[in-house]
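Structure, as structure tokens:
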Amino acid sequence: GHTTTASHASAIAGKNNTATGDGALVVGGENNVAGGDENPHGDAAGDYSVVLGGRANRASGSYSSVSGGYFSVASGEGASVSGGNGNAASSYCASVSGGNFNVASYNYASVSGGEVNVASGYSSSILGGYGNEASHFYESIVGESSPHHEVGVMKDA
1006 GHTTTASHAS AIAGKNNTAT GDGALVVGGE NNVAGGDENP HGDAAGDYSV
1056 VLGGRANRAS GSYSSVSGGY FSVASGEGAS VSGGNGNAAS SYCASVSGGN
1106 FNVASYNYAS VSGGEVNVAS GYSSSILGGY GNEASHFYES IVGESSPHHE
1156 VGVMKDA
């Protein structure tokens, strides 16, 4: 069954979804949460947040959204995650678009695809690649692999 605990909250279709913020919405998927009451830190209201499908996703920031994918979190106000696995958008208007274990953790930061990338500078962005970190204001990285994260490279003994 679904759980709704706030004014104008809705959980529609899917399995075991929860909508706990005012005006929060979950549509389809399984074990998804829209709203802050289920947030382990309890610091985001989740009002007017939305989760559309996927599995085990959480939109806990006010006006935040998660669209599909699984095990992803949008905890910043106005933050969004679109698909992928284990992604997090944790600051004001931060966004992650797909990929695997990517994080956008500062205001207006974004990661578009790739794997294990972190956009932690104000308005920073990463477009794909692996293991990159954009930690300076307005920094952009396009499709690289961090030299600190060598992938599939064997060194001579």
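According to this note's numbering, the sequence shown holds residues 1006 to 1162 in order. Built from N, CA and C at the ideal position, the CB exists for glycine as well.
Discussion item. On the DSSP letters alone, give me the boundaries of the beta strand (DSSP E) that residue 1145 sits inside.
Written reply: Segment 1145–1147, the beta strand (DSSP E) holding residue 1145.
Applying the 10 Å Cβ sphere with the 16-neighbour rule, what's the burial state of residue 1079?
Taking every protein chain shown into account, the CB of residue 1079 has 16 or more other CB atoms within 10 angstroms, so this residue is buried.
Report task. Out of 1027, 1120, 1113, 1135, point me to the one whose CA is closest to residue 1106's CA. Result -> For residue 1106, the nearest C-alpha among the options comes from 1120.
_For residue 1090, list the residues DSSP reports as bridge partners._
Looking at the DSSP assignment, residue 1090 forms a beta bridge with 1075, 1105.
**Item:** Where the beta strand (DSSP E) through residue 1115 begins and ends
**Value:** In the DSSP annotation of this structure, the continuous segment of the beta strand (DSSP E) that includes residue 1115 starts and ends at 1115–1117.
Using C-beta distances below 6 Å, list every residue in its chain close to residue 1116, excluding the 5 sequence neighbours before and after it, in chain order. Listed in chain order, the non-local C-beta contacts of residue 1116 below 6 Å within the same chain comprise 1101, 1107, 1109, 1122, 1124, 1131, local neighbours out to five positions each way being set aside.
(request) For the beta strand (DSSP E) containing residue 1130, list its first residue and its last residue. (result) Note, residue 1130: beta strand (DSSP E), 1130–1132.
Continuous beta strand (DSSP E) stretch holding residue 1032: start and end: DSSP places residue 1032 in the uninterrupted beta strand (DSSP E) bounded by 1030–1032.
8 Å contact criterion, which residue 1081 and residue 1099 should meet: CB distance rounded
A Cβ-Cβ separation of about 5 Å places residue 1081 in contact with residue 1099 under the 8 Å criterion.
Check your understanding: Could you give the distance in angstroms between the alpha-carbon of residue 1084 and the alpha-carbon of residue 1150?
Key -> Residue 1084 and residue 1150 have their C-alpha atoms roughly 25 Å apart.
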